[in-house]
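The structure appears right after this line, and notes come after that.
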Amino acid sequence: MPLSFDTTYKDLDSKLYSGVKPKDIDNPEILVLNEDLCDDLGLDKEELNSQILSGQELLEEPIAQAYAGHQFGNYTMLGDGRAMLLGEHVYDGSRYDIQLKGSGRTPYSRRGDGNATVSSMLREYIYSYAMQNLNIKTSRSLAAIETEESVQRRRTEPGAILVRVMNSHIRYGTFQYVASQAPEELEEFTDYVIDRHYPHLNNKNGKYLDFFEEVMRSSIDMIVDWMRVGFVHGVMNTDNMSIDGETFDYGPCAFMNYYDEDTVFSSVDKRGRYSFGNQKSMLQWNLTRFAESLQPLFEESSYAFDELKAKLDDFDEMFDAKYYNMMSKKLGIKSDGEKEIINEFLDWLRESRADYTNTFLELENPGSFDDPVYSSGDFKDIQDKLSHIGLDKEVMKQTNPCYIPRNYLIEEALNDYLEKESLSKFKHLLNVLEHPYESKDANSQFQQPPPKEFDSGYTTYCNT
Ligand code: AMP
Ligand code: MG
C-alpha cells in the first residue's frame, strides 16, 4: 500500500505548528531504504520513490511543530528547525509520524540553514537501526536520501534528508511550549496526547496524574535500556525527551566502550551534564520540568498536584528497582535482592575500565576474550560468586549484545562513503547489527573495542 495519511496534529490549535514546504531538490538519490520498516508500515517499497521520500511529491501540506525546551538547563523557544512532518501514516491500527529531517528552513529555524549532512543522516540511520534491533524503543529511519547541494559544516559535504518514523514527535518540550505559549490549550492538548499514547487512561478519574506516572515509567524504561547497552545520548534536553519513551534525536550520541560513568563524547557538553552516569539524574531533572508544565491542569486541586510531586519522589526507588533488575539479568542472577554482588561488580568495572559490552559476554562464556583484565583475581572472585548463585545464560544472552555500533566502526563506514562514495562498509555494519544478540565467528572483528586513545579523543557534534 502507499502512504496513507490522517494527520490529527493539524486538528490542534494552529499555534502548535506551521504549514511548511520542503525545499526543492534536483535528483534526490535514495542511499538506503529500510525494507523491514516498509513491511512494518505496510508500505509497498515500489511505491516509495525518491520524489515522495524527499518531499517533492506531496500527499498533503507538511507541518513543522512548535516546541520549547531546556537546553543544557536554559529555557529556549525552539520548534522543528530542520524537520517537517509529512503526515501521520495509519496502518494496522497504529499511527506513525513520517517526518523529514534536513528538508529546509521552517519558521522555527532561527539562524540554522535547515539542512543536514549526508554523514550525520547516515549516522542517525545506523544508530536507530542498531537501537531497534537491540530491542530499545526508538525512532526508526525509513530512508536516507542524498541531495545534490553541498552543506557547510566542519567540512563541506553533500546534503541529505532522513525520513524518520516515530509513534509521535511529541516531547516534554511540547508541553512546556503549550503551557507557556498557549495555556488555554493545555487541557485539550493533554487529552489529545493521552488519547494518542495512553488511551487506556481516557475517561479515568485522576487521569493527568496517571499520565505523568506513565510518562515517567516509559522514560525510566528507556534510560535503563540505554544503561544496559552503554548508550550515551549526549543531548538529553527536554525537547529531545519523547512523551512515549522513544529514543530519538541521534546527534552527538555514542556508545561507551571502556566503562566509565563520566563518559562524554559531545563537543558541547564540557561539564559532562549528559555523561553516561548522569543520565538518571538528568531524567529526573527533565521530569521535574515536565511536571511543572502540567501544573495548571491541577489548579483546581492543590492536593492532586501534591500527589504528582509525590510521584516524582518515587523516582529514585522506581529507577533503582528497574536498574538493578536489568543488571541482574545482565549478570544472569536468578534470585532477587542480589544488590551487593551487583555493586561489587560495578566497583570492579569502574576500577578496571574493562570493555562494557565484552565483559558480560566473558562472564557468560569464560575465555571468550583474550584480555588480561579478565585474569585479575578480583574478576575471578566475582565470577566465582556469580557461578555459585547460578548463571541464567539464556537470560544473559537475551540481555547482553555481542555487537554494538562502536564509534570507530561507524566512523570508518562514514569515511568510506565520504572519501570513496562506497556504502559497502556501511551496509556490512548494518548487516552485523541486524542480529546483535547472535554471535557469529565471521563477525568477531566487530567485537573489538578501539584503542583506549581513540575513545579518549573521540568527539561528537550537534546540528551536523
Ligand atoms: P537538536 O540539538 O538536534 O535537538 O536541535 C535543537 C534545535 O535546533 C531543534 O529545534 C532543531 O530543529 C534545530 N536545528 C538543528 N540544526 C539545525 C539547522 N541546521 N537548521 C535549522 N534548525 C536546526
Ligand atoms: Mg532535537
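Residue numbers for the sequence shown follow the working numbering, so the first one is 878 and each next one is one higher. By construction, the Cβ of each residue, glycine as well, lies at the ideal position given by its N, Cα and C atoms.
- Straight-line spacing of the CA atoms in glutamate 1194 and serine 1096 works out to 14 Å.
- Remark: the shortest separation between the CB of asparagine 951 and any heavy atom of the ligand MG does not fall under 7 Å.
- Under the 8 Å Cβ criterion, the segment 1273-1281 counts as touching the segment 1310-1327, having at least three qualifying pairs.
- Non-local beta-carbon contacts of phenylalanine 1192 in its own chain, meaning distances under 6 Å to residues more than five positions away in sequence, involve Gln1161 in chain order.
- The C-beta separation of valine 909 from tyrosine 1002 comes to about 6 Å, placing the pair in contact by the 8 Å criterion.
- Excluding residues up to 5 positions away in sequence, Tyr1127, Cys1130, Pro1282 lie with their Cβ nearer than 7 Å to the Cβ of tyrosine 1004 in the same chain.
- Counting only the Cα atoms, serine 1253 lies some 21 Å from glutamine 1324.
- When Arg972, Lys892, Tyr944, Gly950 are compared, the shortest CA-CA separation from alanine 960 is found for Tyr944.
- Annotation for arginine 1041: the continuous beta strand (DSSP E) segment containing it runs 1033-1043.
- In the structure shown, serine 881 adopts coil according to DSSP, grouped into three states.
- Contact annotation: the segment 976-984 touches the segment 1029-1039, with at least three C-beta pairs closer than 8 Å.
- Three or more beta-carbon pairs drawn from the segment 1106-1117 and the segment 933-953 are found closer than 8 Å, and the two stretches are therefore classed as touching.
- Of the residues assessed, glutamate 1064 falls on the exposed side of the cut-off, its CB having fewer than 16 other CB atoms within 10 angstroms.
- Taking 7 Å as the cut-off, one finds no heavy atom of the ligand MG near enough to the beta carbon of aspartate 974.
- Across the structure, arginine 1148 and aspartate 921 are spaced so that their CA atoms are roughly 47 Å apart.
- A residue is called buried once 16 or more other Cβ atoms fall within 10 Å of its Cβ, and arginine 987, having fewer, is exposed.
- Listed in chain order, the alpha helix (DSSP H) runs fully inside the segment 1159-1220 are 1179-1190, 1192-1208, counting runs of at least 4 residues.
- The C-alpha of aspartate 1318 is placed about 32 Å away from the C-alpha of phenylalanine 1125.
- The nearest non-hydrogen atom of the ligand MG is 7 Å or more from the C-beta of asparagine 1163.
- Between leucine 1208 and leucine 1263, the CB-CB gap stays under 8 Å.
- In the three-state scheme derived from DSSP, where H, G and I count as helix and E and B as strand, aspartate 974 is classed as strand.
- The Cβ-Cβ distance between tyrosine 1049 and leucine 1174 does not fall below 8 Å.
- Secondary structure of glycine 964 (DSSP, three-state): strand.
- Taking the Cβ atoms as the reference, cysteine 915 lies roughly 11 Å from leucine 930, outside the contact range of under 8 Å.
- Here the alpha carbons of tyrosine 1180 and serine 996 stand approximately 51 Å from one another.
- Between glutamate 1023 and glutamate 912, the gap from beta carbon to beta carbon reaches 8 Å or more.
- Distances between the C-beta of aspartate 990 and the heavy atoms of the ligand AMP include at least one below 7 Å.
- Cβ neighbours of lysine 1081 within its own chain (closer than 8 Å, five residues either side excluded): Asp1087.
- For the set Ile1259, Ser1205, His1305, the Cα lying nearest the Cα of lysine 1274 is the one of Ser1205.
- Here aspartate 901 has Gln933 as same chain residues with Cβ atoms under 8 Å from its own Cβ, once five neighbours each way along the sequence are excluded.
- Only buried fits glutamine 942, as 16 or more other CB atoms lie within 10 angstroms of its CB.
- Membership of serine 1301 in any beta strand (DSSP E) is not indicated; the residue belongs instead to the alpha helix (DSSP H) covering 1301-1309.
- For the pair asparagine 1044 and glutamate 938, the CB atoms are not nearer than the 8 Å cut-off.
- When the alpha-carbon of glutamine 1260 is set against those of Tyr1233, Ser1245, Ser1316, Phe1222, the nearest one is in Phe1222.
- In this structure, the alpha-carbon of serine 895 lies about 5 Å from that of isoleucine 940.
- Contact holds between the segment 1057-1071 and the segment 882-894, because three or more Cβ pairs, one in each stretch, are under 8 Å apart.
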